[in-house]
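**Student:** Just passing along the structure, written as structure tokens.
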Amino acid sequence: MTQDIKITIQETTNNTIIKFNTNQILINGGSYEYNNIDDAKNSPLAQQLFYLPFVKKIFITANFIAIQRYDILEWIDVQEEVKEQIEAYLNDKGVVVNEAPTSKKEAIEVYAEVTPNPSVMKFGSNKSLTQTDVEYKNIDEASKSSPLAQAIFNFPFVKEVFISDNYISVTKYDMVEWNEVFTEVRTFIREYLVSGKTIIKELPSEEKPSSENKVEVPEVKLEGISAQISDILDEYIKPAVASDGGNIAFRSYDEENKVVRVVLQGACSGCPSSTATLKNGIESLLKEMLPNQINEVVAING
């Protein structure tokens, strides 16, 4: 009944590091980094990979395993074999990380922040929640993917939930004001995280490519202007919008008309000031950094 775990190989900007992306969730939030086999006592998978003589460092997150190699060979020579080894291990129900709860409760803090969008409150945490941003428009979407988001939707005033690296942006209906309910939501999220319950059990389905909540960067390797745009958004724009509880994802670049299309998420989606941010901030920066290559930036959902 459970689908086979499949691995896709993704190059990174560092040619010694390669990512092995999985189509299923490996661990419950957070991430683990191992520098050697002794470090990896709680990860049978990492220990097995360290037996490969070229493996220098391993980084495990909810939906990918990144491996750094020594310079004794090139990834192109071994990446397929490593991919097959990881796939075989995972499909044989091998343990990725023993996430046994510690005897003392993890000291988790959750704080609430207002955002430029009056409908959205950002709930930040000192715990890493996900390596892949996820957005849910309703409880049905959340029920298939994120027990945490599904639980938040049980508050009757919750309209949308967006989970990113270490924060959750919650969009409310106009039936209440945030100052009446934010304390209750903050307490609920903190108690949920402290209890160690599952945050995301699997990434949202990709069966509906036209769906508004499908916001991942396309699988195809970006080149030329598209790659430059994506890098600029990642380096200069994402940190700023994340601090406001939002996210921006590159979708496409029309070379003929010089139009960039992006997706706005979290607090940015539907925000009254997002159009101004798009035009005055993002569009201006891209025009300045890529002269004569950008005419317009368009958001396809906000």
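Using our numbering, the first residue of the sequence shown is number 47, and each one after it goes up by one.
Even glycine gets a Cβ: it sits at the ideal position worked out from N, Cα and C.
#1: Taking residue 167 as part of the beta strand (DSSP E), name the residues at either end of that continuous run.
#2: Are the CB atoms of residue 132 and residue 66 nearer to each other than 8 Å?
#3: Measure the alpha-carbon distance for residue 229 versus residue 157 and round it to whole angstroms.
#4: Answer yes if the stretch 200-208 comes into contact with the stretch 270-278, meaning at least three C-beta pairs across the two stretches below 8 Å, and no otherwise.
#5: Is it buried or exposed for residue 142, if we count other Cβ within 10 angstroms and need 16 for buried?
#6: What would DSSP say about residue 135, mapped onto helix, strand or coil?
#7: Going by other Cβ atoms of all chains shown within 10 Å of its Cβ, with 16 needed for buried, is residue 109 buried or exposed?
#8: Please name the residue, chosen from 144, 100, 105, 83, that lies closest to residue 127 on a Cα-to-Cα basis.
#9: Note down the Cα distance separating residue 310 from residue 195, rounded to an integer number of angstroms.
#10: Have a look at 79, 86, 56, 215 and flag the residue whose alpha-carbon is nearest the alpha-carbon of residue 68.
#11: Using 8 Å as the Cβ pair cut-off and three pairs as the minimum, do the stretch 164-172 and the stretch 220-238 touch?
#12: Is it buried or exposed for residue 283, if we count other Cβ within 10 angstroms and need 16 for buried?
#13: Which residues in the same chain have their Cβ closer than 7 Å to the Cβ of residue 346, if we skip the five residues on either side of it in sequence?
**Tutor:** On the basis of the supplied data:
#1: It spans 166-171 - the beta strand (DSSP E) in which residue 167 sits, taken as one unbroken run.
#2: Yes, these two residues count as a Cβ contact at 8 Å.
#3: Whole-angstrom Cα-Cα distance: 9 Å.
#4: Judged by pairs of C-beta atoms under 8 Å, the stretch 270-278 does not touch the stretch 200-208, as fewer than three such pairs exist.
#5: With 16 or more Cβ atoms within 10 Å of its Cβ, residue 142 is classed as buried.
#6: In this structure, residue 135 counts as helix in the three-state DSSP scheme.
#7: Burial of residue 109 is indicated by the presence of at least 16 other C-beta atoms within 10 angstroms of its C-beta.
#8: Nearest option by C-alpha distance: 100.
#9: If I take the Cα positions, the gap works out to 19 Å.
#10: Checking every option, the nearest Cα to that of residue 68 belongs to 56.
#11: Between the stretch 164-172 and the stretch 220-238 there are three or more inter-stretch CB-CB distances shorter than 8 Å, so the stretches are counted as touching.
#12: With 16 or more Cβ atoms within 10 Å of its Cβ, residue 283 is classed as buried.
#13: 297, 307, 309.
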